[in-house]
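Those letters in the sequence shown? Residues 10 to 289, per our numbering, in order. Using N, Cα and C, we set each Cβ at its ideal position, and we do this for glycine too.
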Amino acid sequence: MTTIQCFFLGTPQFTKDDHALKLTKAKGIALLVYLAVERTTQTREQVMTLLWPDSLPQAARKNLRNTLWDIGKTFDEDVVEVDGDSLRLAESVWVDIHPFEDTSPAADSSQVSRLEEMVTLYRAPLADGLSLLDAPDFELWLTTQQQRLDRHYLRLLDALITVHRAAANWQKVITYAQQALIYDNLQEPMHQALMEAHARLGERAQAVRQYDNLRAILAQELGVAPLPETESLRTAILNGHIQASPMSITAAAPRPVKKAASASSPFVGRRTERAVMDEA
10 MTTIQCFFLG
20 TPQFTKDDHA
30 LKLTKAKGIA
40 LLVYLAVERT
50 TQTREQVMTL
60 LWPDSLPQAA
70 RKNLRNTLWD
80 IGKTFDEDVV
90 EVDGDSLRLA
100 ESVWVDIHPF
110 EDTSPAADSS
120 QVSRLEEMVT
130 LYRAPLADGL
140 SLLDAPDFEL
150 WLTTQQQRLD
160 RHYLRLLDAL
170 ITVHRAAANW
180 QKVITYAQQA
190 LIYDNLQEPM
200 HQALMEAHAR
210 LGERAQAVRQ
220 YDNLRAILAQ
230 ELGVAPLPET
240 ESLRTAILNG
250 HIQASPMSIT
260 AAAPRPVKKA
270 ASASSPFVGR
280 RTERAVMDEA
């Protein structure tokens, strides 16, 4: 049985039986992304309005037909099912978005492998690099979906950090907190997690440096000081109240994830500052 895979969490990539395929036209990629994310049957009219808003109806219909033909030629089969006026992505097509967003961000120790697999799927924001300047409604839709999936990604990382913190797997805490901060360095709870993890590993100087980094970032980006909880954590570390754990589990270094230009991530304790930044 033929296996077709679409990887949209990052730069769009396509495979058929593990062989890479190249779909070059942006509108074709956009159509597949749209159908994959929406998961429901769409009408031709909806798709034409979204992707060819300035075209006359006859021209838009021709553009859609050509796009569907190009997709079919690339995959050598009907990955988009057409039923009269309706379009949908074939159920046989595997899409990385689906298991990713279907995974609950619950901090459940029995789901660690699943959580780790899902954060690995997230290479970069949804359809990274795809842009349709002549389709502003699609651009708005894509930005909204990117932000939604961005938030889910950060919640999955937070769940992993919670599980590994409870198990005193401090190297794992560092791995996932760093990964989250590569994505958005204004997440103060992630800085707190790093401070504690370094302290638990006996790396008090590194823990304090993490606090100093946070203080500098907050001052530069928001003009504010760290939260009282962070100050209390720093004091506890300096006073030796957070002792090194006797054992730790070594983890691989974090894999950098490209930051979205317009990501809106969990911003605990800084709702007002984030709102001001978003309005700027």
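> At which residue ranges does the segment 219-262 contain complete alpha helix (DSSP H) runs of 4 or more residues, listed in the order of the chain?
Replying inline: Assignment of alpha helix (DSSP H) within the segment 219-262, counting only whole runs of 4 or more residues, yields 237-247 in chain order.
>> Let's see if you can read the secondary structure: which residues bound the beta strand (DSSP E) around residue 89?
In response: Residue mapping note: residue 89 aligns to position 80 of the sequence shown, counting from 1. Start and end: 89-92.
> Do you know whose CA, among 171, 150, 123, 127, lies nearest residue 136's CA?
Replying inline: Counting from one through the sequence shown, the residue named residue 136 turns up at place 127. Selected option, being the one with the closest Cα: 150.
> If we count the other Cβ atoms within 10 Å of its Cβ and call it buried at 16 or more, is residue 237 buried or exposed?
Replying inline: As a working mapping, residue 237 is identified with position 228 in the sequence shown. With fewer than 16 other Cβ atoms within 10 Å, it is exposed.
> Out of curiosity, what's the CA-to-CA distance linking residue 161 and residue 218?
Replying inline: Position 152 of the sequence shown holds residue 161. Position 209 of the sequence shown holds residue 218. For residue 161 and residue 218, the distance between alpha carbons rounds to 29 Å.
> The beta strand (DSSP E) with residue 23 in it runs from where to where?
Replying inline: Here the question's residue 23 lines up with position 14 in the sequence shown. For residue 23, the uninterrupted beta strand (DSSP E) segment begins and ends at 22-25.
> Near residue 24, which residues of its chain fall below 6 Å by C-beta distance, leaving aside the five closest residues on each side in sequence?
Replying inline: On the sequence shown, residue 24 is found 15 positions in, with the first residue counted as 1. Excluding residues within five positions, the ones whose Cβ falls inside 6 Å are 14.
> Which residues in the same chain have their Cβ closer than 8 Å to the Cβ of residue 105, if we skip the five residues on either side of it in sequence?
Replying inline: Residue numbering aside, residue 105 sits at position 96 when the sequence shown is read from its first letter. Excluding sequence neighbours, residue 105 sits near 14, 15, 16, 17, 18, 130.
> If residue 300 and residue 169 are in contact, beta carbons under 8 Å, what's the gap, nearest whole angstrom?
Replying inline: For residue 300 there is no data in the structure shown, the boundaries of the chain being 10 and 289.
> Span of the beta strand (DSSP E) holding residue 95?
Replying inline: Position 86 of the sequence shown, counting from 1, holds the residue named residue 95. Residue 95 -> beta strand (DSSP E) spans 95-98.
> Roughly how many angstroms separate the alpha carbons of residue 249 and residue 44, rounded to a whole number?
Replying inline: Position 240 of the sequence shown, counted from the start, is the residue given in the question as residue 249. Position 35 of the sequence shown, counted from the start, is the residue given in the question as residue 44. Taking the straight line joining both Cα atoms gives about 55 Å.
>> Short of 8 Å in beta carbon distance, which residues of its chain neighbour residue 94, apart from the five on each side in sequence? Order them along the chain.
In response: The sequence position of residue 94 within the sequence shown is 85, counting from 1. Hits under 8 Å: 52, 53, 54.
>> Quick check: the Cα distance between residue 159 and residue 133, rounded to an integer number of angstroms?
In response: For the purposes of this step, residue 159 is identified with residue 150 of the sequence shown, where counting begins at 1. For the purposes of this step, residue 133 is identified with residue 124 of the sequence shown, where counting begins at 1. Residue 159 and residue 133 have their alpha carbons spaced roughly 9 Å apart.
> Where do the ends of the alpha helix (DSSP H) carrying residue 156 lie?
Replying inline: In the sequence shown, residue 156 corresponds to position 147, counting from 1. Start and end: 145-175.
> Going straight from the alpha carbon of residue 111 to that of residue 12, what length do you get?
Replying inline: Working through the sequence shown from its first residue, we reach residue 111 at position 102. Working through the sequence shown from its first residue, we reach residue 12 at position 3. Straight across, the Cα-Cα distance linking residue 111 with residue 12 is about 21 Å.
> Tell me which same chain residues have a C-beta within less than 7 Å of the C-beta of residue 227, skipping the five on either side of it?
Replying inline: The residue you call residue 227 lines up with position 218 of the sequence shown. If we look at residue 227 and ignore the five residues flanking it on each side, its Cβ neighbours are 233, 234, 235.
> When the Cα of residue 254 is compared with those of 230, 102, 239, 212, which residue comes out closest?
Replying inline: Position 245 of the sequence shown, counting from 1, holds the residue named residue 254. Looking at the Cα atoms, 212 is the closest of the given residues.
> Taking the alpha carbon of residue 189 as the point to measure from, which residue in 179, 82, 202, 178 has its own alpha carbon closest?
Replying inline: The sequence position of residue 189 within the sequence shown is 180, counting from 1. Ranked by how close their Cα comes to the Cα of residue 189, the residues 179, 82, 202, 178 have 202 in first place.
>> Can you find the residues in the same chain that come closer than 8 Å, C-beta to C-beta, to residue 115, ignoring five residues on each side of it along the sequence?
In response: Your numbering for residue 115 matches position 106 in the sequence shown. Around residue 115: 168.
> So what does DSSP say about residue 61, is it helix, strand or coil?
Replying inline: In the sequence shown, the residue the question calls residue 61 occupies position 52. It is coil, neither helix nor strand.
>> Once the 5 residues before and after residue 185 are set aside, which same chain residues still bring their CB inside 6 Å of it?
In response: Against the sequence shown, residue 185 aligns to sequence position 176. Only 166, 169, 170 meet the Cβ criterion.
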